[in-house]
Amino acid sequence: MSGTAARDALDSARIAIGAAGCDTPRLDAEVLLAHVLGVERERLLLDDLSVQGPSVRAFQDAVRRRSVLREPVAYIVGRRAFRNLEIACDPRALVPRPETELLVEAALELPARSRVLDVGTGSGAVALALADERPDLEVTGSDRSPAALALARANALRLGLEVAFIETDLLAGVPDEFDAVVANLPYVADGERATLAPEIARHEPAEALFAGPDGLDAIRALAAQLAGRRGVRFVALEHGAGQAHAVRELMAGAGFARVESIRDLAGIERVARGAR
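Residues 27 to 302 in the working numbering are what the sequence shown lists, from first letter to last.
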């Protein structure tokens, strides 16, 4: 591939990635090549670029990781766009997803200077986006994974955003001082493991994905804890397709009224929010 035109390299990569069963082979190839060449994606088509020297092996390796290993593109390039931010990501935490941006949107109307806890913060994407878009909020992220928290803290430092992070399982040991809770907890049923795409099942952390026979163990446990936290006036929880009714009932049982669902771009009820 020495001295290969970028467009030819893209065509070869697209074919390999598509043959592996990936859903977006052209986009994947463009993102990977732009990363290897250190340019914006637009330049791949607008400029007369070529792939040569060390870039040849680097691009070949990136395509191999995507097509053969089915590694997520975000892990290969080490970042993912989320709201207005670029979040560093790796296998220590889930890849930030577009539907999770709904958690941020749900909390944007909180009263000024609200104290917000992002439970299961992972890479810190939700907490950091809230701090970025609502700098008046006092935002904290929590996670039971020390490795995920290290990634979140690194993101906060790089982005220059003021977010505190604490290591704990759900609300265990968390001071009763928060006005709002948002959470993207594990919600995949244990029996659905075989139905997940290889990118997810092979590479993303299982502890951030699976939550018991019906996928609701973590949400159920959090709802039970929230029932005793009367100071929490607002909650927003991401959940899986088909879980909206059950999650709304759990939230209502925890004392939240005006519980409603927010649909993602595919029309699926994805986030339940309530207030009290």
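Here a beta-carbon is modelled for each residue, glycine too, at the ideal position from N, C-alpha and C. Owing to the predicted nature of the structure, the values given are computational and were not obtained by experimental measurement.
Could you pull out every residue in the same chain whose Cβ sits closer than 6 Å to the Cβ of residue i, ignoring the five residues on either side in sequence?
i    : result
A39  : A55 and V89
V165 : V142, A153, L156, A157 and V189
D243 : A237
P213 : According to the sequence provided, residue 213 is Tyr. The question's Pro does not apply to it. These residues qualify, in order along the chain: A237, G241, H265 and G266.
Kindly indicate which three-state DSSP category residue i falls into: helix, strand or coil?
i    : result
I294 : coil
V89  : helix
R141 : strand
E97  : coil
E275 : helix
V214 : strand
V65  : coil
Look up residue i in the DSSP assignment and give the residues it is bridged to.
i    : result
T126 : Answer by DSSP bridge pairing: none, since T126 is not bridged.
G150 : G150 pairs with nothing; no bridge assigned.
G300 : V261
D169 : E193
R105 : A114
A31  : S76
R289 : E295
Check whether the Cβ atoms of residue i and residue j lie closer than 8 Å to each other.
i    : j    : result
A301 : L276 : no
A114 : A180 : yes
Using C-beta distances below 7 Å, list every residue in its chain close to residue i, excluding the 5 sequence neighbours before and after it, in chain order.
i    : result
S28  : Any answer about S28 is weak, because its pLDDT of 46 lies below 50 and its placement is not dependable; what the coordinates show is given next. Result list for S28: Q78 and V82, in chain order.
D216 : F236, G238 and P239
Would a check of beta-carbon distances place residue i closer than 8 Å to chain D?
i   : result
A55 : No chain D appears in this structure, which consists of one protein chain only.
Return yes when the C-beta of residue i is under 7 Å from any heavy atom of the ligand ATP, and no when it is not.
i    : result
A151 : This structure does not include the ligand ATP; it has no bound ligands of any sort.
*Quick one: any contact between the region 258–273 and the region 131–144, if contact means 3 or more CB pairs under 8 Å?*
yes
*Are at least three pairs of beta-carbons, each pair with one atom in the region 119–133 and one in the region 71–82, less than 8 Å apart?*
no
*Inspect the CB distances between the region 97–105 and the region 50–69 and report whether three or more fall short of 8 Å.*
Flag = yes, the region 97–105 and the region 50–69 touch.
*For the 8 Å Cβ check, are there 3 or more pairs between the region 170–179 and the region 112–121?*
Yes, the region 170–179 touches the region 112–121.
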